[in-house]
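Residues in the sequence shown are numbered consecutively from 2, following my numbering.
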Amino acid sequence: MFLTVREVAERLKISPSCVYQLVESGKLAHHRIGTGRGAIRISEDDLNNFLSATRKEAEPPRFTPTRKKLKALKF
């Protein structure tokens with residue numbers, strides 16, 4: 002099944018112009034259907050491949066060493 006730019010934008014919760022940027026940069030595979038400039042259509046497989054390729058695992062929390070307790074100063 003093919004999706005329109007608007008449908009892809011709705012699924013990714015981004016603007017259609019961001020989808021066009023992804024298409025023009027070559028990061029998101031697409032098909033041009035029709036004559037002239039043609040309508041852009043993105044297959045669900047291409048969308049899933051894009052999402053898999055851009056997935057980033059969560060980083061483990063950084064270890065921050067605890068400070069030694071300061072001893073009270075005696076005058």
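The C-beta atom is built at its ideal place from N, Cα and C for all residues, glycine as well.
| query | result |
| --- | --- |
| Buried versus exposed, by CB contacts within 10 Å (16 or more), Ile15 | exposed |
| Inter-stretch contact (C-beta, 8 Å, three-pair minimum) for the stretch 33-51 and the stretch 67-74 | no |
| Unbroken alpha helix (DSSP H) run spanning Arg7, endpoints | 6-13 |
| Where Ala30 falls: helix, strand or coil (DSSP) | coil |
| Backbone CA spacing between Phe64 and Glu8 [nearest angstrom] | 42 Å |
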